Each structure stands twice: as structure tokens, then as C-alpha cells.
Amino acid sequence: MKRIDLERGDAALRANADLKLTVIMTVYNQEKYLARALDYLLEQKNQQFKLLVIDDGSTDSTAEIAASYPDRFQAFDLVSKANEGVAAARNLGLDMVDTPYFIFHDGDDWVEPDYTDYFIKAFDRHPDDDMVTCGYYVDQAGKPSVPITKPVEGELTRLEAVLKVLGSAHSPVKGYTWNKCYKTQLVRCLHLRFNEDLDLMEDQVFNIDYLMQTEGCYYSSVPLYHYWQRTDSAVHTVSWDHFWSIVGANISIYKSIFSHLRQKALSKRPQTQEYQGSYVRERIKDDHQS
């Protein structure tokens, strides 16, 4: 696969060269948890990041809580919009990113102090990898934090990364966006977006689309993110809308995979045809000369 040229960059990225990472936090009615999420981000060892909070039309005090934090961060933007769902909020975040890398953060979760530092340094150490992932804890009320797997790390090929995104419940990668860091220019060159028609698994679809068009993934299962499992969250409620969203997401995922495999096969075909044509021409020439 031909690598996309990222050397030129755009004006916004060059203007914000002192910051390496944007943390995109989309929130909706999370007044119970938002202060915890923001307080843990204030404890980051590496402050070379911008926090972009997108309030997706909250009807509680979420926006007011977020608005009390800007002066405490090196770079902080708060955007309020009409409620359209998490995919639309994330797409707005993609449009506003002005740093080389970005990651997502849910408003009811929290992170370890090394979270931002890990992603910034990982891309410095592995510049040819287009995605970096970390491990995570699963947290529930009244229970201790549970790391999802044993410590492992390494570089993954496209196929290996895709399999881990689609993997078991104990995969250190999975399909979430909050434990993955992306290259801004790649997303823009590839015109990647979140599918706003999906209520669930839009993050997994985005990750597969990204991986199938990029090269290399560095991962570590060292847990740096705390995934707060709530019984009232969308992923733990059952409805026909969610069922059809899951069906649609899986169709999109495998369509993306098969589309890439087809393009890869077609890219090899002209060489084979040219070789076969040349071989036939030589045989005809030899027959006429004999």
C-alpha cells in the first residue's frame, strides 16, 4: 500500500505545533461523572495536549461543570451543540482537531496520569505506525478496577490489529476509540467519519475503516484508561434500534474488509495479465520462427 504523504500538513496543525495531542470528550447528561473525568485529566504528567469538550445538547448541568474548568488546562475548548448523538458529536470533534494526534475520552470514565504521555511518546518512538493503543481497566460501582489482560506489547500488522479489534472480550485492543490514538492528517486525507446512522458500534466501524487504509499499529496492554460500566448506558440496554444498529455495524465492518481485499487483489491483476500477455506473445513469436 502506498503511504499517504503527511509532510505538508495544514495551517491549523502547523500553528498549534507546541501541542501534540487533542483529547476529544463528547458528553451528554453526565453531571454525575464529568468532574471526575476532568480532575484526572488535570493530573496528567504530560500537559502537551488540548482538551476539546463537546456537549451534545445536555439537559442537566454538564455544560456548566465543563465551563468551570478552562482556566485549569493549558488548552481547553468547550462547544455546545444540539443533541444528535455521539457519532455526530465525534465528527464535529474531528473537524476541530488542530494537533497531529487525537484520542477520544468518554465523560463518565477516567484515566491514569501517564495516559497522554504514553500516546505522545509512543508515536515519537514508532513514527511509521499509524495507530497507538493502550490497555484499560473495567470498573463497576463497589468493585475494584480489573485490568482486561496481562501485560503485553508490540507492533501489529494490519491483519493482526483488525483481529484484535474484532477479538474476544479479553482483547487488549477491542473496538473502542478511547484507548486508541490516531493521526489527524491521515483521517482527513482518507475522509474518515463516524456513521451517524448507528446507535452502537460506530466506534468499531471507524476503527476498521482506519486500519484497513493505514499501516501499522503499536499496542500495549498496560492499563491507562478506566472504563466505567453503567447499567443505564446505551451498551447495556436492549432495544430493536440497538439490534439493527449492531447488524448494520457488522455489515459495514465486513464490507470495509472485503472492499480492501478486493482492491488488493485487483492491484495485483494487471501485473499478472501483463506477464501472461508477454508470455503468449513470446510463444507466438517462437512458433512463427520455428
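Residues 1 to 290 in the numbering used here are what the sequence shown lists, from first letter to last. Backbone N, C-alpha and C fix where the C-beta goes; we use that ideal spot for every residue, glycine too. Predicted, not measured: the structure shown is a model, and the values here were computed from it.
Inset, instruction - Kindly indicate which three-state DSSP category K155 falls into: helix, strand or coil? - result: Translated into the one-based positions of the sequence shown, residue 155 becomes position 155. The residue you asked about is not Lys; residue 155 is Glu in the sequence shown. In the three-state scheme derived from DSSP, where H, G and I count as helix and E and B as strand, E155 is classed as strand.
Inset, instruction - Would you kindly check if the distance between the Cβ of L166 and the Cβ of Q204 is under 9 Å? - result: Working through the sequence shown from its first residue, we reach residue 204 at position 204. Working through the sequence shown from its first residue, we reach residue 166 at position 166. Yes, they are a contact pair.
Inset, instruction - Mind listing, in chain order, the continuous beta strand (DSSP E) runs of no fewer than 3 residues lying wholly within the stretch 89 to 175? - result: Entirely contained in the stretch 89 to 175, the beta strand (DSSP E) runs reaching 3 residues are, in chain order, 101 to 106, 131 to 139 and 153 to 156.
Inset, instruction - Identify, in the order they occur along the chain, each residue of the same chain with its Cβ nearer than 6 Å to the Cβ of T22, setting aside the five sequence neighbours on each side. - result: Looking up residue 22 in the sequence shown gives position 22. Within the same chain, and ignoring the five residues on either side of T22 in sequence, the residues whose Cβ sits closer than 6 Å to its Cβ are K50, L52, V97, T99 and F102.
Inset, instruction - Under the assumption that I367 contacts K20 (Cβ atoms under 8 Å), give the Cβ distance between them as a whole number of angstroms. - result: Since the first residue shown for the chain is 1 and the last is 290, residue 367 is missing from the structure and cannot be characterised.
Legend entry - Rounded separation between L41 and S220 - CA only: As a working mapping, residue 41 is identified with position 41 in the sequence shown. As a working mapping, residue 220 is identified with position 220 in the sequence shown. Between L41 and S220, the C-alpha separation is close to 20 Å.
Legend entry - Whole-angstrom C-beta distance between Y33 and L228, which should lie under 8 Å: In the sequence shown, residue 228 corresponds to position 228, counting from 1. In the sequence shown, residue 33 corresponds to position 33, counting from 1. This sequence places Trp at residue 228; Leu is not what is there. Correct: roughly 7 Å between the Cβ atoms.
Inset, instruction - Give a yes or no on contact between the stretch 203 to 218 and the stretch 127 to 140, applying the rule of three or more CB pairs nearer than 8 Å. - result: They touch, by the three-pair rule.
Inset, instruction - Whole angstroms is fine: what's the gap from V152's alpha carbon to G142's? - result: Taking the sequence shown and counting its residues from 1, one reaches residue 152 at position 152. Taking the sequence shown and counting its residues from 1, one reaches residue 142 at position 142. The alpha-carbon of V152 is positioned some 28 Å away from that of G142.
Inset, instruction - Tell me the start and end of each unbroken alpha helix (DSSP H) in the stretch 195 to 220 that is at least 4 residues and wholly inside, in chain order. - result: The stretch 195 to 220 contains these whole alpha helix (DSSP H) runs: 202 to 211.
Legend entry - Contact under 9 Å by Cβ, P113 with Y136: Taking the sequence shown and counting its residues from 1, one reaches residue 113 at position 113. Taking the sequence shown and counting its residues from 1, one reaches residue 136 at position 136. Contact flag unset, no.
Legend entry - For D56: DSSP bridge partner residues: Here the question's residue 56 lines up with position 56 in the sequence shown. Answer by DSSP bridge pairing, in chain order: K81.
Inset, instruction - Would you mind stating whether Y225 and V111 have Cβ atoms separated by less than 9 Å? - result: To locate residue 225, count along the sequence shown from 1; it is residue 225. To locate residue 111, count along the sequence shown from 1; it is residue 111. Yes, Cβ-Cβ distance for Y225 and V111 is below 9 Å.
Legend entry - Proximity winner among E64, Q48, S58 and D95, relative to Q74 (alpha-carbon distances): Taking the sequence shown and counting its residues from 1, one reaches residue 74 at position 74. Measuring from the Cα of Q74, the nearest candidate turns out to be Q48.
Legend entry - Cβ-based neighbour list, R36, same chain, cut-off 7 Å, excluding 5 preceding and 5 following: Here residue 36 refers to the residue found at position 36 of the sequence shown. The residues are W110.
Legend entry - Any non-hydrogen atom of the ligand MN within 8 Å of T149 CB: Absence of the ligand MN from the depicted structure is noted, as is the absence of any ligand whatsoever, leaving it without description.
Legend entry - Per-residue burial, P70 [other beta carbons within 10 Å of its own, 16 or more giving buried]: Looking up residue 70 in the sequence shown gives position 70. The residue is exposed, with fewer than 16 neighbouring Cβ atoms inside 10 Å.
Legend entry - Spatial neighbours of Q30 in its chain, beta-carbon cut-off 7 Å, leaving aside the 5 residues before and after: Numbered from its first residue, the sequence shown carries residue 30 at position 30. T62, G107 and D108.
Inset, instruction - Closer than 8 Å by C-beta to V162: which residues in its own chain qualify, once you throw out the five before and the five after it? Chain order, please. - result: Locating residue 162 in the sequence shown gives position 162, counting from the first residue. Only I208, L211, M212 and I257 meet the Cβ criterion.
Legend entry - Residues that F76 bridges to, as DSSP identifies them: Locating residue 76 in the sequence shown gives position 76, counting from the first residue. Beta-bridge partners assigned by DSSP to F76: L51.
Legend entry - Close-in-space but distant-in-sequence residues of the same chain around N46 (CB under 7 Å, 5 per side omitted): Translated into the one-based positions of the sequence shown, residue 46 becomes position 46. Closer than 7 Å at the Cβ level, and outside the excluded window around N46, lie T116, D117 and I120.
Inset, instruction - Give the straight-line distance between the Cα atoms of L38 and L159, rounded to the nearest whole angstrom. - result: The sequence position of residue 38 within the sequence shown is 38, counting from 1. The sequence position of residue 159 within the sequence shown is 159, counting from 1. One Cα belongs to L38, the other to L159, and the distance between them is close to 35 Å.
Legend entry - Beta carbon of A88 nearer than 9 Å to that of E196: In the sequence shown, residue 88 corresponds to position 88, counting from 1. In the sequence shown, residue 196 corresponds to position 196, counting from 1. Pairing A88 with E196 gives a Cβ-Cβ distance under 9 Å.
Inset, instruction - Report the option in V222, F123 and K81 whose CA atom is closest to the CA atom of K183. - result: Indexing the sequence shown from 1 puts residue 183 at position 183. The option with the nearest alpha carbon to K183 is F123.
Legend entry - Pair within 9 Å by beta-carbon distance, K188 and N91: Mapped onto the sequence shown, residue 188 falls at position 188. Mapped onto the sequence shown, residue 91 falls at position 91. For the sequence presented, residue 188 should be read as Arg rather than Lys. Not closer than 9 Å, so no.
Inset, instruction - Can you grab the Cα-Cα spacing for the pair S145 / D55, in whole Å? - result: Position 145 of the sequence shown, counting from 1, holds the residue named residue 145. Position 55 of the sequence shown, counting from 1, holds the residue named residue 55. So the alpha carbons of these two residues sit roughly 28 Å apart.
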